[in-house]
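Chemist: Just passing along the structure, written as structure tokens.
Residue numbers (this note's numbering): 280 to 929.
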């Protein structure tokens, strides 16, 4: 495929890349939803464990496709276009993509897995496509070069498409000037501050664009070097595990008999289609597709800086609510009959889009139309509660969101929302477990739920912290403010904080951010910490102790469960080569990932229990499932362990 010779051709190539990423994400989700859920579906216990692992892996890959879509859209906006969230409805028809890029909604059978591996393959491999994948033979290439029409040509792999896009940038930047090429507003682009997708960054230069495109290729689409974490390698691992299970039990079948090429409307072709008509499947599908389309409209609106009158954090929360409902509906559909015309076939989500435009004429019309749509969708969701009880809460949240958009239609409130929107930190939440004990010398704040009972306080200042006593047991004035402050500063869990009234200095962030491994225990963090919750809210901390055994009932915090669990992990570790950090203090953002590790962003020194530094980092993921063979670092073992914990991400 030849590089673009003008801006519009580059935009067309990027739009096709966005469609491919979007379509792959949908096909992966459909396949994940089709996997069986329990041993009552002819699965043995160890087989079910593998299937759960595969589902988590496929959804993780789909999430990375979402990252790729967001990066491509950032590049589209950078060169002056709008984000491209549309795609052709499934299955993709011949000519929409190259003949070798077949896109369809299929159950996760062996042929579908082979197809996923084939689509994600590096160019140098000899993979063959799935046996049951329907593909026509044709070419989209045009004779002649340097056409003014922006028509996409053919490419053998998705990686080749990205290489052609990358090869287009430098020549266009030379002819137009780098500032002339990147004319879009950076503020319109989405970053990690807006959507929790690690690696999502703004683009305004050739170098940044090249880095973003390189990340996409490395994570899966046609990577030249097959890293273990690439989509290609991860799907191949699933295939190897599948083959081993099938060898042990030939009747092993991990997927439900869901529809191949499901559609919502009556098909106009004689080719294989399954129209969903049975109740309650069709009503659930209606809610699912409408939720999906509304989610895309919100994502597009987030980049419409002129018409979006709610802060991005609010809109992201609404889009996340829709996304979770979409997943609930997607799984529920695979347990329901699709149509009397197709006995034994289960339904499935179709990810259908309508002709409704993504853009809005004005901020007022945007708020009005979205609130109306949310109210209507809430009504239909409420009607489906019998089929899917989770829709009860979904309907309530939709009505709350609709109310927020109605409030945003007031011009004065909208201006205030815009003024407050740039605040980087999510709103802090208050903890109902904090006891406040005021004295003349100072105030002690004690968080019982965070206490890990190290007994440093009751042994260090027994007159202030009187253990095993009914009623009041904390007396701030029973020691000097200096001594109480010393106890508070050495409370590793952060359960004790002290506010001095004597004019002495209160606790401040340390000069060196530290993450310490406790012997057979938790991670102790001392830094200017922002701890991000599963709902996107955040708490500011200076000291916090985080579970790494995977057993705490108060995740992400330690609750001493590692003792009963017999967790064994040395407080020592091998030193990693790492350069000195330019800055050793500053903000440290800790985000527990859903069913995954702790994502840590910011300067930090990771230390042993004896305070020996084993790594200096600006970005790291730390194990919290207790299973990593490379503790304290995550090695992906949480997937094999089917680790479950609340957190950000999907």
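Where is the CB? At the ideal position from N, CA and C, for every residue including glycine. Remember, it's a predicted structure, so these values are computed and weren't measured experimentally.
What beta strand (DSSP E) runs, 3 residues minimum, are completely inside the segment 822-884?
Modeler: 866-871
Chemist: From residue 432 to residue 374, what does the alpha carbon distance come to, in whole angstroms?
Modeler: What you label residue 432 is simply residue 153 of the chain shown in a count that begins at 1. What you label residue 374 is simply residue 95 of the chain shown in a count that begins at 1. So the two alpha carbons sit approximately 10 Å from each other.
Chemist: Which residue marks the beginning of the alpha helix (DSSP H) containing residue 572, and which one marks its end?
Modeler: Residue mapping note: residue 572 aligns to position 293 of the chain shown, counting from 1. Unbroken alpha helix (DSSP H) run through residue 572: 560-581.
Chemist: Would a C-beta distance cut-off of 7 Å place residue 386 and residue 579 closer than the cut-off?
Modeler: Along the chain shown, one-based indexing puts residue 386 at 107. Along the chain shown, one-based indexing puts residue 579 at 300. Contact flag unset, no.
Chemist: Closer than 7 Å by C-beta to residue 762: which residues in its own chain qualify, once you throw out the five before and the five after it? Chain order, please.
Modeler: As a position in the chain shown, residue 762 is number 483, starting the count at 1. Closer than 7 Å at Cβ, skipping near neighbours: 740.
Chemist: Looking at residue 330: is its Cβ nearer than 7 Å to the Cβ of residue 533?
Modeler: For the purposes of this step, residue 330 is identified with residue 51 of the chain shown, where counting begins at 1. For the purposes of this step, residue 533 is identified with residue 254 of the chain shown, where counting begins at 1. Taking 7 Å as the Cβ cut-off, residue 330 and residue 533 qualify as a contacting pair.
Chemist: Given that a residue counts as buried once 16 or more other Cβ atoms are within 10 Å of its Cβ, and exposed if not, what is residue 438?
Modeler: Along the chain shown, one-based indexing puts residue 438 at 159. When all chains shown are included, residue 438 counts as buried.
Chemist: Short of 6 Å in beta carbon distance, which residues of its chain neighbour residue 650, apart from the five on each side in sequence? Order them along the chain.
Modeler: Residue mapping note: residue 650 aligns to position 371 of the chain shown, counting from 1. Cβ neighbours of residue 650 beyond the five flanking positions: 681, 684 and 685.
Chemist: Return the bridge partner residues of residue 886 from the DSSP annotation.
Modeler: Sequence index remark: in the chain shown, residue 886 carries index 607 (1-based). Residue 886 is bridged to 795 and 892.
Chemist: In terms of residue numbering, what span does the alpha helix (DSSP H) encompassing residue 766 cover?
Modeler: The residue you call residue 766 lines up with position 487 of the chain shown. Segment 760-768, the alpha helix (DSSP H) holding residue 766.
Chemist: With a threshold of 8 Å on Cβ separation, who are the neighbours of residue 867 within its own chain once the five nearest residues in sequence on each side are excluded?
Modeler: Reading the chain shown from its first residue, position 588 is the one you call residue 867. The beta carbon of residue 867 sits closer than 8 Å to those of 792, 804, 806, 807, 808, 809, 879, 880, 881, 882 and 883, all from its chain and outside the five residues before and after it, given in chain order.
Chemist: With DSSP collapsed to three states, give me the class of residue 912.
Modeler: In the chain shown, the residue the question calls residue 912 occupies position 633. It is a strand residue.
Chemist: How big is the Cα-Cα spacing for residue 813 and residue 869?
Modeler: Counted from its first residue, the chain shown places residue 813 at position 534. Counted from its first residue, the chain shown places residue 869 at position 590. Their backbone Cα atoms lie some 12 Å apart in a straight line.
Chemist: Quick check on residue 405: does DSSP put it in helix, strand or coil?
Modeler: The residue given as residue 405 occupies position 126 in the chain shown. Coil at residue 405, not helix or strand.
Chemist: For the beta strand (DSSP E) holding residue 724, just list the boundary residues, first then last.
Modeler: For this step, residue 724 is matched to residue 445 along the chain shown. Start and end: 721-726.
Chemist: Please list, in chain order, all residues of the same chain as residue 906 whose beta carbon is under 8 Å from its beta carbon, the five residues on each side excluded.
Modeler: Against the chain shown, residue 906 aligns to sequence position 627. Excluding sequence neighbours, residue 906 sits near 829, 916, 917, 919, 920 and 922.
Chemist: Are there three or more Cβ pairs, one per stretch, closer than 8 Å when the segment 601-620 is compared with the segment 549-568?
Modeler: yes
Chemist: For residue 482, which of helix, strand or coil comes out of DSSP?
Modeler: Locating residue 482 in the chain shown gives position 203, counting from the first residue. In this structure, residue 482 counts as coil in the three-state DSSP scheme.
Chemist: Can you tell me the Cβ-Cβ gap for residue 826 and residue 903, rounded? I've got them flagged as a contact below 8 Å.
Modeler: In the chain shown, counting from the first residue as 1, residue 826 sits at position 547. In the chain shown, counting from the first residue as 1, residue 903 sits at position 624. Residue 826 to residue 903, Cβ: 6 Å. Contact.
Chemist: I'd like to know whether the C-beta of residue 829 is nearer than 7 Å to at least one C-beta of chain B.
Modeler: Any reference to chain B falls outside this structure, which holds one protein chain only.
Chemist: Which ranges would you report for the alpha helix (DSSP H) in the segment 582-620 if only whole runs of at least 4 residues count?
Modeler: 591-612
Chemist: Would you list the one or two residues that DSSP bridges to residue 537?
Modeler: As a working mapping, residue 537 is identified with position 258 in the chain shown. Per DSSP, 625.
Chemist: So the candidates are 372, 639 and 344; which of them puts its Cα closest to the Cα of residue 492?
Modeler: The residue you call residue 492 lines up with position 213 of the chain shown. Here the closest residue by C-alpha is 344.
Chemist: Going by the beta-carbon positions, is the gap between residue 485 and residue 445 smaller than 7 Å?
Modeler: In the chain shown, residue 485 corresponds to position 206, counting from 1. In the chain shown, residue 445 corresponds to position 166, counting from 1. Not closer than 7 Å, so no.
Chemist: Quickly, what does DSSP pair residue 803 with across the bridge? List them, please.
Modeler: Position 524 of the chain shown, counted from the first residue, corresponds to residue 803. Answer is 795 and 824.
Chemist: Alpha carbon to alpha carbon, what distance is there between residue 737 and residue 352?
Modeler: One-based indexing of the chain shown puts residue 352 at position 73. One-based indexing of the chain shown puts residue 737 at position 458. Rounded to the nearest angstrom, the two C-alpha atoms are 56 Å apart.
Chemist: Identify which residue in 370, 585 and 575 has its Cα closest to the Cα of residue 228.
Modeler: Past the boundaries of the shown model lies residue 228; the chain is included only from 280 to 929, so the question cannot be answered.
Chemist: Are three or more beta carbon pairs between the segment 447-464 and the segment 306-323 nearer than 8 Å?
Modeler: Output reads no: the segment 306-323 does not touch the segment 447-464.
Chemist: Should the segment 391-402 be regarded as contacting the segment 570-589, the criterion being three or more beta carbon pairs within less than 8 Å?
Modeler: no
Chemist: Hey, residue 282 and residue 418: beta-carbon distance below 7 Å or not?
Modeler: Within the chain shown, numbered from 1, the residue matching residue 282 stands at position 3. Within the chain shown, numbered from 1, the residue matching residue 418 stands at position 139. Residue 418 is positioned such that its CB atom lies no closer than 7 Å to that of residue 282.
Chemist: So the candidates are 440, 376, 334 and 717; which of them puts its Cα closest to the Cα of residue 414?
Modeler: Residue 414 sits at position 135 when you count from the first residue of the chain shown. If we check each option's Cα against that of residue 414, 376 comes out closest.
Chemist: Residues in its own chain within less than 6 Å of residue 702 by CB, not counting five upstream and five downstream?
Modeler: In the chain shown, residue 702 corresponds to position 423, counting from 1. Because residue 702 sits at a pLDDT of 41, beneath the cut-off of 50, its placement in the model cannot be relied upon, and the point is left open.
Chemist: Going by C-alpha distance, which of 339, 855, 495 and 288 is nearest residue 895?
Modeler: Along the chain shown, one-based indexing puts residue 895 at 616. Ranking 339, 855, 495 and 288 by Cα distance to residue 895 puts 855 first.
Chemist: May I ask you to verify whether the segment 470-479 touches the segment 295-314, counting CB pairs closer than 8 Å and requiring at least 3?
Modeler: Segments in contact, no.
Chemist: Less than 7 Å separating the beta-carbons of residue 629 and residue 537?
Modeler: Here the question's residue 629 lines up with position 350 in the chain shown. Here the question's residue 537 lines up with position 258 in the chain shown. No, the pair does not count as a contact, with Cβ atoms beyond the cut-off.
Chemist: Could you give the distance in angstroms between the alpha-carbon of residue 787 and the alpha-carbon of residue 760?
Modeler: Working through the chain shown from its first residue, we reach residue 787 at position 508. Working through the chain shown from its first residue, we reach residue 760 at position 481. Cα to Cα, residue 787 sits roughly 16 Å from residue 760.
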